[in-house]
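Engineer:
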Amino acid sequence: METPKSENKKYIGYVVGGNLKESLRVRLTVPAQSVQEGSFVVIRSGDWQFYGLITDLQLGSTDPRFADEPSRERLRPEVSSLLQGQTLYTTLEILPTLMMEVGPDTDSSAYREWVEKHGPINAQPIPVKTIPSHHADVMLAGAGDVAEIFGEESKRGNFRIGNTREQGHPVCIDLSKFIQRSSGIFGATGTGKSFLTRIILSGLIKAKLASLLIFDMHNEYGLDDTASDTRESVPGLRGKFPTDVRIVGLGRGATIRGHTPDFNLEFAESDLQPEDIELLTRELNLKETTPATLDALTACFGKDRWFTEFRALSPGSTILNDEGKRIPAPDSVETWALNNNVNTLAAASLHNKMSRLFHLPYIVQQPAANGLNEIIKALENCQNIVLSFGEHETDLDYLLVSNLLTRHIREKWVELTNTHRSHPEKTAEPRPLVIVLEEAHKLLNREMAGQTTFNTIARELRKYGVTLLVIDQRPSQIYDEVMSQLGSRICGWLGDDDDIHAVLSGLAGRDALRGMLARLQPKEEVILLGWGVPMPLIIRSRRYDNQFWKELLGKSGGKSDEAIIMKELGF
Amino acid sequence: MSKLPIEIGRLLRSSLTGFVAGCRVNQPNLPAFGTLVRVPIHEKLDAFGLVYDIHMDDDGLVRQLVTSQTLPPEVIADNRNNRNMPSEISIVTIGRRQDGIISHLLPSHPPISLDVIYQCSNDEIRAFTTGGGFGYFRHILRNQELPAGELLTAHLEQARVAHRDGGDPNWFSNAVQELIILLRDDYPSLMSLLNALSDLPTE
Chain A
9 METPKSENKK
19 YIGYVVGGNL
29 KESLRVRLTV
39 PAQSVQEGSF
49 VVIRSGDWQF
59 YGLITDLQLG
69 STDPRFADEP
79 SRERLRPEVS
89 SLLQGQTLYT
99 TLEILPTLMM
109 EVGPDTDSSA
119 YREWVEKHGP
129 INAQPIPVKT
139 IPSHHADVML
149 AGAGDVAEIF
159 GEESKRGNFR
169 IGNTREQGHP
179 VCIDLSKFIQ
189 RSSGIFGATG
199 TGKSFLTRII
209 LSGLIKAKLA
219 SLLIFDMHNE
229 YGLDDTASDT
239 RESVPGLRGK
249 FPTDVRIVGL
259 GRGATIRGHT
269 PDFNLEFAES
279 DLQPEDIELL
289 TRELNLKETT
299 PATLDALTAC
309 FGKDRWFTEF
319 RALSPGSTIL
329 NDEGKRIPAP
339 DSVETWALNN
349 NVNTLAAASL
359 HNKMSRLFHL
369 PYIVQQPAAN
379 GLNEIIKALE
389 NCQNIVLSFG
399 EHETDLDYLL
409 VSNLLTRHIR
419 EKWVELTNTH
429 RSHPEKTAEP
439 RPLVIVLEEA
449 HKLLNREMAG
459 QTTFNTIARE
469 LRKYGVTLLV
479 IDQRPSQIYD
489 EVMSQLGSRI
499 CGWLGDDDDI
509 HAVLSGLAGR
519 DALRGMLARL
529 QPKEEVILLG
539 WGVPMPLIIR
549 SRRYDNQFWK
559 ELLGKSGGKS
569 DEAIIMKELG
579 F
Chain B
6 MSKLPIEIGR
16 LLRSSLTGFV
26 AGCRVNQPNL
36 PAFGTLVRVP
46 IHEKLDAFGL
56 VYDIHMDDDG
66 LVRQLVTSQT
76 LPPEVIADNR
86 NNRNMPSEIS
96 IVTIGRRQDG
106 IISHLLPSHP
116 PISLDVIYQC
126 SNDEIRAFTT
136 GGGFGYFRHI
146 LRNQELPAGE
156 LLTAHLEQAR
166 VAHRDGGDPN
176 WFSNAVQELI
186 ILLRDDYPSL
196 MSLLNALSDL
206 PTE
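First to last, the sequence lines map onto chains A and B.
Take any residue in the first sequence, note its place counting from 1, add 8, and you have its number in our numbering.
Take any residue in the second sequence, note its place counting from 1, add 5, and you have its number in our numbering.
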């Protein structure tokens, strides 16, 4: 039998009670300060190894009087110390999450007998189905345990996202699993959400497992930036992956902090459909009559021309009739409304509210280039797109463009997937696509989620290889149905109870995890949760610094590789 | 070179759980409270016990002498040297050695009257207090008539010296820890014992 001393693990106590549904109780045999809430522990019981998380620490005493009356004033120090050691204790609560049959200690003769009986060990961790026995040894997980559960960094697709908090063992996420379902990165403002996102995006780009479409609302990810708190330079993805990342600027001649993007994106007026307008109901304060008016517009002018024609109408313009009375002009909104059985006030109001769209510079009658197609082609060809909004930083821009673009991409990916499924021998499977959404609650809140493409993507497009990576500081504002679809959740500190509740929704052991989430360090500590990770775990995330880039890209850290520059120049 | 065992008296009366030895009042090697003693019961069986009381009864002569106006020193010496009433040393049985093996079980037979009682040497103290862990504590703790806290303190003090001289300075801490475990559900008894232990002189 393996003993705590024979392993490179720190023995911390033994099981004294508990149950499967809530938690196990463990008597701590080391000072309470040597373990922390959220620590990853291993429990050895017979031929099984259990894995769990410390969710609580409680002080206890064999008799309340031992705790009530400090003995150090009455007894000699050595006697007092012995008394405290035996009568005052700390109990850990451990949330068991996984279990694995490992057999006896590999050095023992019992192991050989066990192998003869069971065959060689090829066990995988499974969700916990039973509990360890009384007095089972409890240890802090060693590097081997962490690698056993979260995978080796050297394995393709595994990406080290950070290290365990106490002992610094590397913790990986399986990127191929991460992109299979939609995911979320959450944390209050200032908790390092953007840095963590950059780290994960870098890992995804390097692993080349999926194409990324990043809606970069605040121009953070594409180009080099300066950290708002430390004023240090923060490398952008374009600089580190010059051949894999393309920056797209919104609107003709757009620049991003003085830099010219790889190409620009403009939308043709014909690209806009009524559903794109309905999405903006809250932003434009549209009325309940809007859908009916939009239906009449498309019925009257057709799907390609309705926007252009509606914009050309003049609201409130009048002419004098033969009798000298002022009547709506033939090109007025009111005349169109009267002719199409639409309430004139509703039509005029819609026109008025849509005037914000009519003046958007990136919606033109005839775009100079088909930026939309270029983006789709790039994504199909394993490239990653960072769509910088440049000067167009309003919520209206963000809502409209992200939804419009995603709707087209969704249609394309559905078409590609269906084609592949019809003729798998002729066409390749479309490349997995991850759409990265910042300020996700603006698109996925309760009111909007039903109308946007993103809700559909989160719920249904997994089978077409399209998933979301939502980044937000207010997860409670995101529609429950979308939250429930998020496979992996990576969460930094959150202060609001509703946000914590939202992040933990649908997860086993959420009551135990709630306290851990509320007590994360405000920076760099994050908790991994959900289907995409084997078990919940608090980690210290990697730092987005030169060391990170050296480890990810090699010695040069991706700085101006001569070969890459020469290639870009055409040599 | 091992010393000869110190004879401290002979047995007056006994039972399986304890016995009483008698010795002269002014005997120079009168055992101290808490001393570990041994009684050979027969060739293959010894009983071990701890001295928990030393008792001197009066007699008619002493009663007369204490009331006299003047008491010359030679009368006092005569009374002590030639006194017929012995000092009685009460001992609680805490273990045995049978066929050379020490255990903290009671002996199968009590010692017999006039058996010789020896004070245990340091080697014997070490052998007894480590053979079988600290099981002998139970004989002291369950006996309501013993001054358990004081007796254990006196015993631990003596045994600590024997173990320290034998190269085991941790024995004392281990013994106290065991006592705390045994008594932790009995707050008054435990605190009484620990208070007594805290009164020991610092080493």
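Glycine included, each C-beta is placed from N, C-alpha and C at the ideal position.
Using 7 Å as the threshold, is the C-beta distance between A218/A and P440/A below it?
Structural biologist: Along the first sequence, one-based indexing puts residue 218/A at 210. Along the first sequence, one-based indexing puts residue 440/A at 432. Contact: yes.
Engineer: Would DSSP call Q149/B helix, strand or coil?
Structural biologist: The residue given as residue 149/B occupies position 144 in the second sequence. The answer is coil: DSSP assigns Q149/B none of H, G, I, E or B.
Engineer: By Cβ distance, which residues of its chain are closer than 8 Å to R334/A, with the 5 residues on each side in sequence left out?
Structural biologist: Taking the first residue of the first sequence as position 1, residue 334/A is located at position 326. The answer, listed in chain order, is T326, I327, L328.
Engineer: Go to M362/A, then tell me how far its alpha helix (DSSP H) extends in each direction, as first and last residue.
Structural biologist: Position 354 of the first sequence holds residue 362/A. It spans 352-366 - the alpha helix (DSSP H) in which M362/A sits, taken as one unbroken run.
Engineer: Using DSSP with H/G/I as helix, E/B as strand and the rest coil, what is W56/A?
Structural biologist: Translated into positions along the first sequence, residue 56/A becomes position 48. Three-state DSSP puts W56/A in a strand.
Engineer: In or out: T98/A buried (at least 16 other Cβ within 10 Å) or exposed?
Structural biologist: Residue numbering aside, residue 98/A sits at position 90 when the first sequence is read from its first letter. So T98/A counts as buried.
Engineer: Keeping to the same chain, check which residues put their C-beta closer than 7 Å to that of T244/A; ignore five residues upstream and five downstream.
Structural biologist: On the first sequence, residue 244/A is found 236 positions in, with the first residue counted as 1. The question names Thr, but residue 244/A is Gly in the sequence shown. Excluding positions up to five away in sequence, the list reads Y229, G230, L231, D232, D233.
Engineer: Going along the region 172-192 of chain B in order, which residues come within less than 7 Å of chain A, judged by CB to CB distance?
Structural biologist: S178, V181, Q182, I185, I186, R189, D190, Y192
Engineer: Strictly by DSSP, which residues pair up with I335/A?
Structural biologist: Locating residue 335/A in the first sequence gives position 327, counting from the first residue. I335/A is bridged to I327/A.
Engineer: Would you mind reading off the limits of the beta strand (DSSP E) that contains T105/A?
Structural biologist: Working through the first sequence from its first residue, we reach residue 105/A at position 97. Start and end: 96-109.
Engineer: Looking at chain B, which residues of the region 76-87 of chain A have a Cβ within less than 8 Å of any of its Cβ atoms?
Structural biologist: Within the region 76-87 of chain A, S79, R82, L83, R84, E86, V87 place their CB atoms closer than 8 Å to a CB of chain B, listed in sequence order.
Engineer: Indicate whether at least one CB of chain B lies closer than 7 Å to the CB of T99/A.
Structural biologist: As a working mapping, residue 99/A is identified with position 91 in the first sequence. By this cut-off, T99/A is not an interface position.
Engineer: Would you report the Cα separation of E433/A and T427/A, rounded to the nearest angstrom?
Structural biologist: Position 425 of the first sequence, counted from the start, is the residue given in the question as residue 433/A. Position 419 of the first sequence, counted from the start, is the residue given in the question as residue 427/A. About 10 Å.
Engineer: Fully enclosed by the region 131-198 of chain B, which beta strand (DSSP E) runs are 3 residues long or longer?
Structural biologist: none
Engineer: Could you check where the beta strand (DSSP E) with R548/A kicks off and where it finishes?
Structural biologist: Here the question's residue 548/A lines up with position 540 in the first sequence. Unbroken beta strand (DSSP E) run through R548/A: 545-549.
Engineer: Would the region 93-112 of chain A count as touching the region 44-61 of chain A if we require 3 or more Cβ pairs under 8 Å?
Structural biologist: yes
Engineer: Could you say which of F318/A, M362/A, T316/A lies nearest to E286/A if we only look at CA atoms?
Structural biologist: As a first step, residue 286/A is located in the first sequence; it is residue number 278 there, counting from the start. Of the listed residues, the one whose Cα sits closest to E286/A is M362/A.
Engineer: On the DSSP letters alone, give me the boundaries of the beta strand (DSSP E) that G257/A sits inside.
Structural biologist: Here residue 257/A refers to the residue found at position 249 when the first sequence is read from its first residue. Membership of G257/A in the beta strand (DSSP E) is indicated by the continuous run 253-258.
Engineer: Output yes if chain A places a C-beta closer than 7 Å to the C-beta of S194/B; else output no.
Structural biologist: Counted from its first residue, the second sequence places residue 194/B at position 189. No, no contact with chain A.
Engineer: Any beta-carbon of chain B closer than 7 Å to the one on L521/A?
Structural biologist: Taking the first residue of the first sequence as 1, we reach residue 521/A at position 513. Chain B contact via Cβ: absent.
Engineer: Considering just the uninterrupted stretch of the beta strand (DSSP E) at A26/B, what are its terminal residues?
Structural biologist: Within the second sequence, numbered from 1, the residue matching residue 26/B stands at position 21. Start and end: 23-28.
Engineer: For G523/A, tell me which candidate among H509/A, K531/A, G514/A, E532/A has the shortest Cα-Cα distance.
Structural biologist: Taking the first sequence and counting its residues from 1, the one referred to as residue 523/A is at position 515. Minimum Cα distance to G523/A is reached at H509/A.
Engineer: Per DSSP, what kind of secondary structure is P282/A in: helix, strand or coil?
Structural biologist: Locating residue 282/A in the first sequence gives position 274, counting from the first residue. Residue state, collapsed to three classes: helix.
Engineer: From the DSSP output, in three-state form, read off A516/A for me.
Structural biologist: The residue you call residue 516/A lines up with position 508 of the first sequence. Note: A516/A maps to coil in three-state DSSP.
Engineer: Have a look at the DSSP bridge pairing and note the partners of E240/A.
Structural biologist: One-based indexing of the first sequence puts residue 240/A at position 232. Answer is none; E240/A lacks a bridge partner.
Engineer: Taking 8 Å as the cut-off, does the region 109-122 of chain A touch the region 190-203 of chain B (at least 3 CB pairs, one atom from each stretch)?
Structural biologist: no
Engineer: Residues of chain A with CB under 8 Å from L157/B, in chain order?
Structural biologist: Counting from 1 along the second sequence, the entry for residue 157/B is found at position 152. None at all; the shortest Cβ gap to chain A is about 13 Å.
Engineer: Going by DSSP, what residue range makes up the beta strand (DSSP E) through V146/A?
Structural biologist: Counting from 1 along the first sequence, the entry for residue 146/A is found at position 138. Segment 145-148, the beta strand (DSSP E) holding V146/A.
Engineer: Spell out whether any CB of chain B is found under 7 Å from the CB atom of R73/A.
Structural biologist: Here residue 73/A refers to the residue found at position 65 of the first sequence. Output row for R73/A: interface = yes.
Engineer: Looking only at its chain, what residues have a beta carbon closer than 6 Å to the beta carbon of H160/B, apart from the 5 residues adjacent to it on each side?
Structural biologist: For the purposes of this step, residue 160/B is identified with residue 155 of the second sequence, where counting begins at 1. G39, L55.
Engineer: Residues of chain B with CB under 8 Å from T70/A, in chain order?
Structural biologist: To locate residue 70/A, count along the first sequence from 1; it is residue 62. Chain B residues near T70/A: R189, D190.
Engineer: Check the Cβ of L91/A against every Cβ in chain B and list those closer than 7 Å, keeping chain order.
Structural biologist: Against the first sequence, residue 91/A aligns to sequence position 83. Within 7 Å Cβ-Cβ: I185, L199.
Engineer: Would L202/B count as contacting chain A if we go by Cβ distances under 7 Å?
Structural biologist: The residue labelled residue 202/B in the question sits at position 197 within the second sequence. It does; some Cβ of chain A falls within 7 Å.
Engineer: Please classify N4/A: is it buried, with 16 or more other beta-carbons within 10 angstroms of its beta-carbon, or exposed?
Structural biologist: A query on residue 4/A cannot be resolved here, the shown segment of chain A reaching from 9 to 579 and no further.
Engineer: Based on the DSSP secondary-structure assignment, which residues constitute the bridge partners of F158/A?
Structural biologist: One-based indexing of the first sequence puts residue 158/A at position 150. The partner list for F158/A (beta bridge, DSSP) is empty, contrary to what the question assumes.
Engineer: Using a C-beta cutoff of 7 Å, does T37/A count as contacting chain B?
Structural biologist: To locate residue 37/A, count along the first sequence from 1; it is residue 29. T37/A does not count as touching chain B.
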